[in-house]
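Structure first, then comments.
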Amino acid sequence: MPSDYCREIGPLMSPLQPARTRSPGRVILVGAGPGSPDLITLRGVEALRCADVVLYDYLANPLLLEHCRADAERICLGRHGSERVWDQDRINRALVEEASRGRIVVRLKGGDPSIFGCAAQELAALIGAEIPFEVVPGVTAASAAAADAGIPITHREHASAVAFVTGREDRGKSTSSLDYAALAQFPGTLLLYMGTTTVESWSTALIAAGKPAETPVAIVRRASHPDAEVITTTLAEVAQVVRTPRPIRPPVIFVIGPVAALSERLVAPCRTEPEEAGSASSRSLIGRTVWVTRPEEQARDLIDSLRQLGARVLARPAIRCVPAPVGDTATRLLDEPCRFDWVVFNSANGVLAWFAGLERSGRDARWFATAKIATVGRGTAEALRRFGLIADLVPDRFDAERLAETLIEAEHGSLGGSRRALLIRGEQGRATLRERLSAAGWTVDESIAYRTEAVAEFGPDIVAPLDAGRIDWTTVTSPSIASSIAHLGVERLSRTRLVAISPLTAEALERHGLPVAAIASEASDEGLIAAMLDATARDAIADDASLDDRAPDGSAAGAPSTQR
0 MPSDYCREIG PLMSPLQPAR TRSPGRVILV GAGPGSPDLI TLRGVEALRC
50 ADVVLYDYLA NPLLLEHCRA DAERICLGRH GSERVWDQDR INRALVEEAS
100 RGRIVVRLKG GDPSIFGCAA QELAALIGAE IPFEVVPGVT AASAAAADAG
150 IPITHREHAS AVAFVTGRED RGKSTSSLDY AALAQFPGTL LLYMGTTTVE
200 SWSTALIAAG KPAETPVAIV RRASHPDAEV ITTTLAEVAQ VVRTPRPIRP
250 PVIFVIGPVA ALSERLVAPC RTEPEEAGSA SSRSLIGRTV WVTRPEEQAR
300 DLIDSLRQLG ARVLARPAIR CVPAPVGDTA TRLLDEPCRF DWVVFNSANG
350 VLAWFAGLER SGRDARWFAT AKIATVGRGT AEALRRFGLI ADLVPDRFDA
400 ERLAETLIEA EHGSLGGSRR ALLIRGEQGR ATLRERLSAA GWTVDESIAY
450 RTEAVAEFGP DIVAPLDAGR IDWTTVTSPS IASSIAHLGV ERLSRTRLVA
500 ISPLTAEALE RHGLPVAAIA SEASDEGLIA AMLDATARDA IADDASLDDR
550 APDGSAAGAP STQR
């Protein structure tokens, strides 16, 4: 059903309404926030869910596009520093043209649309074309930068005012409209955007206008991202810090004023550097990019856990799960009361598919009656728990062989003759469990609840970073996923590190000639993450060892303070 927000802004917003009955289009300017996908407003998410087309720039986190409908068109307006970046006139024309076709258009803009976001130009074009519009505010980058650095933008003792300043004005202007004399005397905090390329100009101008050279400055790069950097310096030294020894690249916010000196005192404890590589505090994935290939409905917990560890997550499924055709066996099983001693689920997909079948047949969890329930692992047991049922048996090793052994052991010596089991599995599942239970004298029925389909083609949001070596880890959680990603090729996948959830999945990868960097010791989300953390910690120790062999860099005492 369409959301309340979709209803509120008109029938066009409903994805369920046929296009031919839709009313004229409209444009929604949505602030995407400073970078973290968690920092968009609820209103912004609702707009994305209702959009027919999304025009987004490079500062908008691409993970936000996961909120869009599957049929929504996504148009990237180019990357920073690329000749392919759309100019403002082209963006304005696209907004008008798309809305004139009767479409809901979301213009997804980094930060807040009205703060150095060219909102005025875009709204002027819409007003001129009589296109309805709405502006959804966002968290501006300066707010996130201050939060990352532990800086209060205002302070009773140090800053009673705030000024947003651009370091890059319109190139068409003959003279600057910035009053550096007023800014130098401003009684508060200056938050300067887009100032890396002009740092010498504005820092010199502020000092020349009377701003003390020793004024504290915090340089915050990639605010709200896991790999955010915070460097504290002074107005006199800021240009040198930005340029050497390693140039600082955008996006950067400069926090200028006495409050910047509070950064190291008020920064959150979790932001401090670990004391030594390999220690418990170093077990993080800060700055690492992880491709999660699992179907979206199963991936949420893994994605959340990875993000909590500081990883940048690309959630792009390599397979999709679809219900298997409902055959006579499944229909009979669902229509009759459960007469099995055990109902066994081999995956979370099986749980979801079976309960969908129960709902279609007008039944619920009471169908299981007195049957006991077994699952192949904790993830499957957790999927079951969401329907209010607790698994009676979860093996200590998460594979079909151990599940069969554990079931047989659990019923050893039971009275009443042969045990009856219903196995609910996918079409491509192995026959191991059925064969072993049958060999032990069990009566076994099977129901094929779902099948998996490989994703035919991966988009540029996966292929491009793979080619560039920018995906640090790729999670592989089943043999079917291994087969699906294999068509990307050994050369391309050798630029990432493949972590397999089990030896069985690792074998599937190796059959395709793909190198396995790590194997989870336990077939679970926790096992996957532990495997990545262990490998990352080993890398850190190795890097430290190599640094010990290098000559001192000669850094002077009192060098700029760096966090993260």
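Read in numbering that gives the first Met the number 0, the sequence shown has 154 at position 155, and its numbers run on one by one without any break. We put the beta carbon where it would ideally sit given N, CA and C, even for glycine.
Does the beta-carbon of Glu-126 have 16 or more other beta-carbons within 10 angstroms, so that it is buried, or is it exposed? Inspection of the sequence shows that residue 126 is occupied by Ile rather than by Glu. Classification of Ile-126: exposed, given that the 10 Å Cβ count is below 16.
Are the Cβ atoms of Val-475 and Ala-499 separated by less than 7 Å? Yes. Within cutoff.
For Pro-464, which of Val-342, Leu-313, Leu-305 and Val-515 has the nearest alpha-carbon? Comparing alpha carbon positions, the residue from Val-342, Leu-313, Leu-305 and Val-515 closest to Pro-464 is Leu-313.
Residue range of the beta strand (DSSP E) that includes Asp-460: Secondary structure note for Asp-460: it is in no beta strand (DSSP E), and the uninterrupted alpha helix (DSSP H) holding it is 459-466.
Any contact of the stretch 129-140 with the stretch 33-42, i.e. 3+ C-beta pairs under 8 Å? Contact between the stretch 129-140 and the stretch 33-42 is present, because at least three Cβ pairs lie under 8 Å.
May I ask you to report which of helix, strand or coil DSSP gives His-66? Assigned with DSSP and collapsed to three states, His-66 falls in helix.
Note down the Cα distance separating Ser-262 from Ala-143, rounded to an integer number of angstroms. Spanning the alpha carbons of Ser-262 and Ala-143 requires a straight line of approximately 13 Å.
Looking at the structure shown, is Gly-356 part of a helix, part of a strand, or coil, going by DSSP? Here Gly-356 sits in helix by DSSP.
Across which residues does DSSP place Lys-108 in a beta bridge pair? Beta-bridge analysis with DSSP links Lys-108 to Gly-30.
For the beta strand (DSSP E) containing Ala-399, list its first residue and its last residue. First-last for Ala-399: 399-409, but that is the alpha helix (DSSP H), not the beta strand (DSSP E).
To the nearest angstrom, report how far apart Ile-247 and Ala-519 are at their CA atoms. Near 37 Å, if we compare the C-alpha coordinates of Ala-519 and Ile-247.
Pull up the DSSP beta-bridge partners for Arg-450, would you. Residue pairing by DSSP places Arg-450 opposite Val-321 in a beta bridge.
Could you compute how far the alpha carbon of Leu-54 sits from the alpha carbon of Ser-304? Linking Leu-54 to Ser-304 through their CA atoms gives a straight-line distance of about 29 Å.
With 16 other Cβ atoms within 10 Å as the buried cut-off, status of Pro-294: In summary, Pro-294 is buried, with 16 or more beta-carbon neighbours lying within 10 Å of its beta-carbon over all protein chains present.
C-alpha gap between Leu-492 and Pro-211, whole angstroms: Taking the straight line joining both Cα atoms gives about 53 Å.
Give the DSSP bridge partners of Leu-189, in chain order. Leu-189 pairs with Ala-162 and Ile-255.
Would you check if the stretch 65-75 and the stretch 40-54 touch, i.e. whether three or more CB-CB distances between them fall below 8 Å? The stretch 40-54 is in contact with the stretch 65-75.
Exposed or buried, which one is Glu-426 when buried takes at least 16 other CB atoms within 10 Å? With fewer than 16 other Cβ atoms within 10 Å, it is exposed.
What is the rounded straight-line gap between the Cα of Leu-497 and the Cα of Phe-397? Distance between the alpha carbons of Leu-497 and Phe-397: 20 Å.
Measure the C-alpha to C-alpha separation of Val-52 and Cys-320 and round it to an integer number of angstroms. Rounded to the nearest whole angstrom, the C-alpha separation of Val-52 and Cys-320 is 26 Å.
Under a three-way DSSP split, which group does Ile-230 fall into? Three-state DSSP puts Ile-230 in a strand.
Is the stretch 148-155 in contact with the stretch 106-123, if contact means three or more CB pairs nearer than 8 Å? Cβ pair count under 8 Å is below three, so no.
Given this structure, state the Cα-to-Cα distance separating Val-229 from Ala-260, to the nearest angstrom. Rounded to the nearest angstrom, the two C-alpha atoms are 12 Å apart.
DSSP bridge partner residues for Tyr-55 (one or two, in chain order): Tyr-55 has Cys-75 and Leu-107 as its beta-bridge partners, per DSSP.
Determine the DSSP secondary structure at Pro-502, reduced to helix, strand or coil. DSSP places Pro-502 in helix when its eight states are reduced to three.
For Val-29, which residues in the same chain have their Cβ closer than 6 Å to its Cβ, ignoring the five residues on either side in sequence? These residues qualify, in order along the chain: Gly-43, Ala-46, Val-105, Leu-107 and Val-135.
What residues match up with Trp-341 in a beta bridge as DSSP calls it? According to DSSP, which records beta bridges pairwise, Trp-341 is partnered with Lys-371 and Ala-420.
According to DSSP, Thr-288 sits in a beta bridge with which residue or residues? Under DSSP, Thr-288 forms a beta bridge with Arg-311.
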